[in-house]
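**Q** There's a structure below that I have some questions on.
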Amino acid sequence: MDPSKGQQTFAPFLPYLDWVEMTQAGGEEMLDALSQVITARADALGRAGFKNWTPDAFEQLN
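Take the sequence shown: its letter number 24 is residue 13 in our numbering, and every next letter is one higher.
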């Protein structure tokens, strides 16, 4: 995580990203949320009968 360059690096991509943080604190919050996202996605895969993320899983769950 390196918020020092701000929008210099990611500005062209901002319209295509769901969640962007430009501060150290915001980046830390994003990383903290990541474990919850991983668990939620793994649970969704399991409920749908998948053991791994596959193109079929993407089509069904996206």
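Note that beta-carbon positions come from the ideal geometry of N, C-alpha and C, so glycine has one too.
CB-CB under 8 Å to L3, same chain, minus the five flanking residues each way: which ones, in chain order?
**A** Taken in chain order, the residues that qualify are Q(-4) and V9.
**Q** Just reading off the alpha helix (DSSP H) that F47 is part of, what are its end residues?
**A** P44 to L50 is the extent of the alpha helix (DSSP H) around F47.
**Q** Quick one: grab the DSSP three-state call for T(-6).
**A** At residue -6 the sequence reads Lys, which differs from the Thr that was named. Three-state result, K(-6): helix.
**Q** For G35, which three-state DSSP category applies?
**A** Of the three classes helix, strand and coil, the one that applies to G35 here is helix, per DSSP.
**Q** Note down the Cα distance separating T43 from N51, rounded to an integer number of angstroms.
**A** Computed Cα separation, rounded: 12 Å.
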